[in-house]
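Beneath this line is the structure, given in structure tokens, with notes to follow.
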Amino acid sequence: MKRVFKWSAAVLSAALLVLAALVAHTIYFKPLKLDWFYTRLFAVFALQSPEQLSAMRILPGWLDFSSAKLDDATPAHEQKMADLAKDALVTLKRYDRNELDREGQLSYDTLNYYLQTQVDGEPFKLHDFPVNQLHGVQSALPDFLVQTHEVESKADAENYITRLKLFPQKFSQLTEGLKLREARGIIPPRFTVEKVLVQMQGMIAQAPQQHVLYVSFKQKLDKIPAGEMDADTRKRLLSQVEAAVQEQVYPAYRGLIAYFTALQPKAQRNDGAWSLPNGDAYYAWCVRQHTTSAMTPQQVHDLGLAEVARVSGEMDAILKLQGLSDGSVGARVQQLASRPEQQYPNTPAGKKDMLGRYQVILDEINSGIGRAFDIRPSLGVKVEQIPAASEATAPGAYYSEGSFDGSRPGIFYANMRNPGETPKFVMRTLAYHEGIPGHHFQVAIAQELSDVPFFRRVIGFTAYAEGWALYAERLAYEQGYEKDELDNLGRLREEMLRSTRLVIDTGIHYKHWTREQGISYMMENTGMQEGDATAEVERYMVDPGQALAYKAGMVRILAMREHAKQELGAKFDLKQFHNEVLSHGSLPLAVLERVIDDWIARRKQGG
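Per this note's numbering: the sequence shown = residues 367 to 973.
Have a look at this one:
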């Protein structure tokens with residue numbers, strides 16, 4: 367078992383301080399040792415993102431040079447990041463991989479894969495939609511300030527205010543990039559333009575003192591002990607936040623609203639990636655990036671059709687036991703989900719009860735899942751409601767990683783816009799996916815790894831992360847944490863959702879399906895209500911390929927486990943298998959397969 371522990375903030379901060387001073391003089395030179403190169407590269411990339419540094423919380427207050435800044439959103443910065451990736455890849459290849467030990471080769475291969483993927487994607491760096499209804503900057507930036515920017519002192523509060531005052535600059539940078547995309551024929555779908563306009567207009571609809579940026583700031587300020595901040599200081603800071611929202615934040619949104627209003631007549635289609643310049647090549651790259659595989663869009667589509675048929679058969683058997691035999695699987699699931707006993711009321715009390723139930727589920731599995739794991743994170747996880755300002759277009763649930771200094775736990779965010787959208791028989795599966803043993807286990811264990819380069823603790827590959835989380839749903843069922851057939855139906859419904867994604871994502875972006883075809887297919891097979899199915903499909907349309915990662919990753923991890931069982935027989939140990947999957951950080955799936963093959967060979971030899 368690999369030992370895990372927290373790196374101290376002081377050690378990391380000292381490293382970053384020294385590196386920040388040296389970066390300008392060493393960026394184009396090859397360090398003597400590969401580990402020095404890894405450390406330098408992490409520092410270079412980390413220093414490009416003040417927002418990510420705030421999220422990681424690896425800098426103490428005396429060295430915090432980033433918390434009053436926002437990420438650069440200019441096209442020039444995007445090109446700079448692409449150039450950094452190219453330069454880093456060239457430097458990496460100057461080291462001899464054959465001279466490295468097994469763990470060293472793992473680091474080399476992981477970084478090589480990541481950088482090569484970024485370099486391959488450079489021609490498409492402007493093919494995205496940075497303002498979109500799902501996770502665009504217009505909603506992500508307020509969410510960042512509400513959920514991530516800590517206010518525990520006067521300095522923190524002043525940094526918050528400075529960041530509010532940077533909204534006009536950030537949105538101006540954003541608009542510059544949007545105009546460049548528009549000139550190249552990269553225009554968001556019609557529904558995206560319509561929905562972000564509604565979203566942004568809602569952002570400026572209330573008085574500044576009712577805005578989430580003011581309300582959340584006041585809540586954070588109220589938690590500071592009276593002995594650490596006097597009343598006059600609090601009043602002054604609140605007044606400054608109110609003024610910044612009124613004088614900087616709102617005008618920034620009005621400028622972006624004006625741009626999208628002018629863009630609206632040009633955004634008359636809801637087509638997939640194929641409609642963009644060199645769209646087929648772009649989508650093929652998206653598939654490779656998100657699945658970390660060489661699968662073609664057609665192969666992904668065929669896998670999806672096969673998995674939909676398999677999962678549908680399992681769901682049909684359970685539904686018949688519930689007395690539901692007529693109609694499509696999706697229609698019958700919806701009948702079951704709409705029963706009153708399967709829904710929490712859409713009231714403050716109902717939402718509170720639902721959030722509490724999620725926490726009970728996580729606490730329960732956390733106390734017993736040790737029979738499948740002997741590697742555990744020390745960082746806890748808690749359940750919180752998605753901020754009301756974001757819930758209308760946010761997904762049903764998502765996970766936000768904790769901080770490296772341990773001050774902020776991992777958070778499973780649940781959407782409470784309408785509790786009835788999530789029937790009770792699905793709740794366990796959602797909690798296992800986002801929390802334990804899903805995303806929280808995987809991310810927190812990676813953050814706490816020792817004896818690996820720091821980039822291995824933060825790098826992410828979608829197929830690994832989402833594949834593990836979907837595998838975790840299956841594992842919880844195998845370990846007895848789906849308590850009855852209805853809970854298992856909830857698990858299968860979620861697996862069906864991920865299976866239909868393979869079909870719909872490739873259908874829209876590769877086979878020229880319409881948005882409406884995707885929505886219809888989703889409803890027929892999953893039982894989702896039309897509003898939920900629409901949100902799902904529109905998500906795939908603005909983030910091509912991302913939705914493929916879940917099922918593609920799960921299938922590969924299950925295949926690795928089955929291969930290990932066949933090869934090892936009685937020597938197979940589930941805990942050790944999970945150790946190998948989790949104790950190296952996020953990996954491309956091909957690299958993870960080599961890790962498992964190496965473990966199998968060692969086990970056969972008695973190791």
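Ideal placement from N, C-alpha and C gives every residue a C-beta, glycine not left out.
Only a predicted model underlies this, so the values are computations on that prediction, with no experimental measurement involved.
Taking 8 Å as the upper bound for CB-CB distance, S886 and V677 are not in contact here, some 18 Å apart. About 18 Å separates the beta carbon of T541 from that of V908, a gap too long to meet the 8 Å contact definition. A Cβ-Cβ separation of about 5 Å places S756 in contact with S505 under the 8 Å criterion. H805 places its beta carbon less than 8 Å from that of A831. In this structure, S952 sits near I825, with a CB-CB distance shorter than 8 Å.
Pairing E844 with R857 gives a Cβ-Cβ distance that is not under 8 Å.
If you compare the alpha carbons of I590, A715, L863 with that of A675, the shortest gap goes to L863. In the structure shown, Q751 falls within a strand segment according to DSSP collapsed to helix, strand and coil. Looking at the backbone, the Cα of Q655 and that of A936 are separated by about 36 Å. For S949, no alpha helix (DSSP H) segment is defined, and its DSSP state is neither H nor E.
When Cβ pairs closer than 8 Å are counted between the two stretches, the segment 728-739 is seen not to touch the segment 759-773, the count staying below three. In the DSSP assignment, A780 falls within the beta strand (DSSP E) that extends over 776-780. In the structure shown, A760 falls within a coil segment according to DSSP collapsed to helix, strand and coil. For a cut-off of 8 Å, the C-beta gap from D871 to G911 is around 7 Å, short enough to register as a contact.
Fewer than three pairs of CB atoms, one per stretch, sit closer than 8 Å, so the segment 478-489 makes no contact with the segment 527-538. C-alpha of Q634 to C-alpha of L400: approximately 51 Å in a straight line. When the five nearest sequence neighbours on each side are left out, the beta carbons in the same chain lying within less than 7 Å of the beta carbon of V562 are those of V497, N498, Q499, G502, Q504, F626, in order along the chain.
For L492, the three-state secondary structure derived from DSSP is coil. The C-alpha of S432 is placed about 37 Å away from the C-alpha of G645. Selection L466, A442, E860, M566 evaluated against M793 yields E860 as nearest (Cα-Cα). Residue burial annotation: A454 is buried, with at least 16 other C-beta atoms found within 10 angstroms of its C-beta. With a cutoff of 8 Å on beta-carbon distance, D475 and V957 are scored as near each other.
Residue ranges of uninterrupted alpha helix (DSSP H) with 4 or more members, entirely inside the segment 561-633 and ordered along the chain, are 578-588, 597-610, 616-629. Between L690 and L671, the gap from beta carbon to beta carbon reaches 8 Å or more. With respect to the C-alpha of R737, the residue from L530, N784, Q942, L407 having the closest C-alpha is Q942.
Taken through DSSP and simplified to helix, strand or coil, L934 comes out as helix. DSSP, read as helix, strand or coil, puts L500 in coil. Bounds of any alpha helix (DSSP H) do not take in W640, whose DSSP letter is neither H nor E. Counting C-beta pairs closer than 8 Å gives three or more between the segment 608-618 and the segment 513-531, which meets the contact rule. Y648 sits away from P663, with the two beta carbons spaced by 8 Å or more.
Counting the other Cβ atoms within 10 Å of the Cβ of R823 gives 16 or more, which makes it buried. By the Cβ-count criterion, G873 is buried, with 16 or more other Cβ atoms from all chains shown falling within 10 Å of its own Cβ. CA-CA distance, Q575 to Q513, rounds to 18 Å.
One alpha carbon belongs to V607, the other to Y580, and they sit about 6 Å apart. Taking one beta carbon from each stretch, the segment 964-971 and the segment 745-760 have fewer than 3 pairs nearer than 8 Å; the two do not touch. Contact between V747 and G716 is absent: CB atoms are separated by about 23 Å, not below the 8 Å threshold.
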